[in-house]
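Residue numbers (the numbering used here): 23 to 428.
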């Protein structure tokens with residue numbers, strides 16, 4: 023079909039359409055709504071053969087998606103921010119059902135206070151649920167990831183739901199050229215769904231249900247989920263290989279940008295990684311051997327790839343677009359756990375920025391690189407650092423003064 027200028031939401035809708043999804047339970051929420059509006063129009067116009075149902079809440083939506091997937095139909099849904107949290111109870115439930123549905127989350131900061139800008143506390147809140155997670159930087163990657171997500175989820179060695187994440191507004195409403203293949207090419211990569219379930223018989227799913235299990239049985243099922251998630255790392259490599267062969271675009275669980283000879287490395291994820299890459303280029307122009315490692319798959323956490331990519335590096339700065347209140351950056355903690363037992367591990371620094379979609383400026387990236395080189399010279403690692411510029415602080419101070427006088 024060729025290239026089209028699409029928003030991230032539009033790219034997601036096209037991914038669902040060409041995956042030939044059967045059932046879409048939906049509930050609108052900014053900035054995700056464009057995905058389901060686009061799909062609903064296609065179905066109404068006869069361009070897409072699927073069942074679309076508007077539910078009364080995200081809780082019902084996730085329940086319906088899980089139940090449909092358990093009966094053996096290819097299922098999709100999408101949400102964002104507070105909507106993801108509204109369905110939180112059922113996120114854990116459907117993951118435990120081992121249903122291979124795919125969900126898109128369009129990240130948006132969580133209340134309170136309310137914001138429409140993106141950060142990653144919503145998606146990272148469900149990191150322990152059993153959903154696999156693929157995080158996207160570009161609109162093309164959103165489209166590609168949905169196709170790969172179905173192939174990964176439906177593999178008999180995995181059989182777990184997958185969530186594909188993109189940043190609200192920065193990506194959901196940004197138009198970029200996206201290569202859209204014809205449906206026959208997609209079918210050669212992602213064939214018709216052949217229902218295979220970890221323990222349900224798709225024809226009679228409820229016959230397998232049990233109300234209460236003791237600890238030994240519960241532990242067994244949870245451990246099987248864990249093993250399936252770990253299997254997904256190897257299966258994902260196979261999926262990426264098949265995808266490259268069919269479409270020519272190469273993906274891995276991580277992306278290494280100018281990393282081969284780098285000494286100072288930024289670790290980022292999602293669309294703000296583009297800002298990080300620009301900062302790496304500027305640092306290189308000044309003679310600093312900088313690089314960037316982008317986390318594309320966060321569940322399962324790609325420990326082996328990360329350890330190999332960061333071997334021999336001098337300092338690593340993890341930039342978290344989230345905050346675990348009372349602790350700090352979530353991904354920083356995961357990176358620290360990954361590298362802790364490495365004999366020659368790099369210095370690891372934590373930076374928190376981009377909360378609520380706040381921009382990370384070139385000056386803030388310079389600050390990050392300066393802190394890395396200083397920490398290496400002094401051996402003193404001060405973390406975490408909250409990225410907030412002097413001008414932003416002055417503006418906030420002025421607003422506080424006005425509020426105080428009001």
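For each residue, glycine too, the CB sits at the ideal point set by N, CA and C.
Keep in mind that this is a model prediction, so the values were computed, not measured.
Residue interval of the alpha helix (DSSP H) (run including residue i)
| i | result |
| --- | --- |
| residue 248 | 237-269 |
| residue 105 | 103-108 |
| residue 153 | Residue 153 -> no alpha helix (DSSP H), and no H or E assigned at all. |
| residue 359 | 352-361 |
| residue 210 | 205-211 |
| residue 170 | 161-175 |
| residue 143 | 143-146 |
| residue 69 | Element bounds for residue 69: n/a, residue is neither H nor E. |
DSSP-derived helix/strand/coil call for residue i
| i | result |
| --- | --- |
| residue 84 | helix |
| residue 195 | coil |
| residue 48 | strand |
| residue 26 | strand |
| residue 76 | strand |
| residue 337 | strand |
| residue 111 | helix |
| residue 332 | coil |
| residue 345 | coil |
| residue 39 | helix |
| residue 218 | coil |
| residue 58 | helix |
| residue 200 | strand |
| residue 180 | coil |
Inter-residue Cα distance where the pair is residue i and residue j
| i | j | result |
| --- | --- | --- |
| residue 153 | residue 50 | 21 Å |
| residue 352 | residue 377 | 13 Å |
| residue 138 | residue 187 | 16 Å |
| residue 134 | residue 103 | 12 Å |
| residue 110 | residue 118 | 13 Å |
| residue 253 | residue 205 | 29 Å |
| residue 422 | residue 416 | 10 Å |
| residue 174 | residue 285 | 34 Å |
| residue 382 | residue 294 | 8 Å |
| residue 101 | residue 55 | 8 Å |
| residue 419 | residue 375 | 19 Å |
| residue 387 | residue 239 | 49 Å |
| residue 325 | residue 425 | 48 Å |
| residue 312 | residue 273 | 22 Å |
| residue 360 | residue 251 | 17 Å |
| residue 303 | residue 406 | 24 Å |
| residue 116 | residue 95 | 14 Å |
| residue 409 | residue 348 | 17 Å |
| residue 334 | residue 364 | 11 Å |
| residue 43 | residue 307 | 47 Å |
| residue 314 | residue 380 | 20 Å |
| residue 331 | residue 275 | 12 Å |
Beta-carbon spacing of residue i, residue j below 7 Å
| i | j | result |
| --- | --- | --- |
| residue 168 | residue 125 | no |
| residue 373 | residue 341 | yes |
| residue 128 | residue 33 | no |
| residue 29 | residue 157 | no |
| residue 404 | residue 369 | no |
| residue 170 | residue 323 | no |
| residue 97 | residue 45 | yes |
| residue 114 | residue 151 | yes |
| residue 338 | residue 287 | yes |
| residue 121 | residue 88 | yes |
| residue 47 | residue 191 | no |
| residue 277 | residue 316 | yes |
| residue 40 | residue 208 | yes |
| residue 279 | residue 259 | no |
| residue 123 | residue 183 | yes |
| residue 57 | residue 31 | yes |
| residue 112 | residue 85 | yes |
| residue 320 | residue 155 | yes |
| residue 344 | residue 141 | yes |
| residue 149 | residue 257 | no |
First and last residue of the uninterrupted beta strand (DSSP E) at residue i
| i | result |
| --- | --- |
| residue 315 | 312-317 |
| residue 134 | Neither: residue 134 is in no beta strand (DSSP E) and is coded neither H nor E. |
| residue 186 | 184-189 |
| residue 129 | 124-129 |
Any non-hydrogen atom of the ligand MN closer than 6 Å to residue i Cβ
| i | result |
| --- | --- |
| residue 250 | Here there are no bound small molecules, and the ligand MN is not part of this structure. |
Task: beta strand (DSSP E) runs wholly inside the segment 263-307, at least 3 long, in chain order - done: Correct list: 276-279, 286-290.
Open item on the list: Could you tell me which whole alpha helix (DSSP H) segments of length 4 or greater appear in the segment 373-423?
Closed with: Here the runs fully enclosed are 384-400.
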